[in-house]
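To start, the structure under review is shown below, and the notes come after it.
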Amino acid sequence: MKRIVIADDSATARMVIRRCLEIIGLGDAGMVEVPNGREALARLKEAPTDLLVTDLNMPIMDGETLLKWVKGSPKLTDVPVVVITSAGNPAKEALLSDLGAFAVLDKPISPATLLKKLEPLMQ
Numbered sequence: 063m064k065r066i067v068i069a070d071d072s073a074t075a076r077m078v079i080r081r082c083l084e085i086i087g088l089g090d091a092g093m094v095e096v097p098n099g100r101e102a103l104a105r106l107k108e109a110p111t112d113l114l115v116t117d118l119n120m121p122i123m124d125g126e127t128l129l130k131w132v133k134g135s136p137k138l139t140d141v142p143v144v145v146i147t148s149a150g151n152p153a154k155e156a157l158l159s160d161l162g163a164f165a166v167l168d169k170p171i172s173p174a175t176l177l178k179k180l181e182p183l184m185q
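Position in the sequence shown (from 1) plus 62 gives the number in the working numbering.
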């Protein structure tokens, strides 16, 4: 992977996500960190992106709305989207999957869980 966009309104959460990605072997990817979905969408449009990791609950544009924009855009629809949530809501997780999320992970994420979900993309 060459470029990963990380969207989360918490700087600490972005740091944890980045560190997990580095631990599983994606440290060479350029990582772009943004605090909301609107900025993530702008970054996605700037350059080809191999992965979007987004929080569900963010100000300005949340992860669900971002997912809908990405999957509704012919230029972005192929970008795998991993949604991270603290909601613990199976119905919401099913909805996000139906909307095209590559994976939905519960907070806190771990390198092992992230690796298990991303392995198909890393081959």
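All C-beta atoms, glycine included, are put in the ideal place defined by N, C-alpha and C.
Just to confirm before moving on: does the CB-CB distance between residue i and residue j stay below 9 angstroms?
i: Thr147; j: Leu128; result: no
i: Leu161; j: Lys137; result: no
i: Lys154; j: Ala165; result: no
i: Gly99; j: Asp124; result: yes
i: Pro97; j: Ala73; result: yes
i: Arg81; j: Glu95; result: no
Given this structure, state the Cα-to-Cα distance separating residue i from residue j, to the nearest angstrom.
i: Ile122; j: Thr116; result: 13 angstroms
i: Val132; j: Glu126; result: 10 angstroms
i: Met93; j: Glu84; result: 10 angstroms
i: Ser135; j: Ile86; result: 29 angstroms
i: Ala163; j: Ala91; result: 21 angstroms
i: Met120; j: Gln185; result: 31 angstroms
i: Leu176; j: Ile79; result: 9 angstroms
i: Glu108; j: Asp70; result: 19 angstroms
i: Leu158; j: Lys64; result: 25 angstroms
i: Pro173; j: Arg105; result: 25 angstroms
Below 8 angstroms on the Cβ atoms is my guess for residue i versus residue j; work out the distance and round it to an integer in Å.
i: Leu113; j: Val145; result: So it is not a contact: roughly 12 angstroms between Cβ atoms.
i: Ile68; j: Leu88; result: With 8 angstroms as the limit, Ile68 and Leu88 do not qualify as a contact, their Cβ atoms being about 11 angstroms apart.
Among the candidates the options, whose CA atom is the shortest distance from the CA of residue i?
i: Val201; options: Leu183, Ser172 and Pro170; result: Look at the range of the chain in this structure, 63 to 185, and you will see that residue 201 is not part of it.
i: Lys169; options: Gly150, Glu181 and Arg105; result: Gly150
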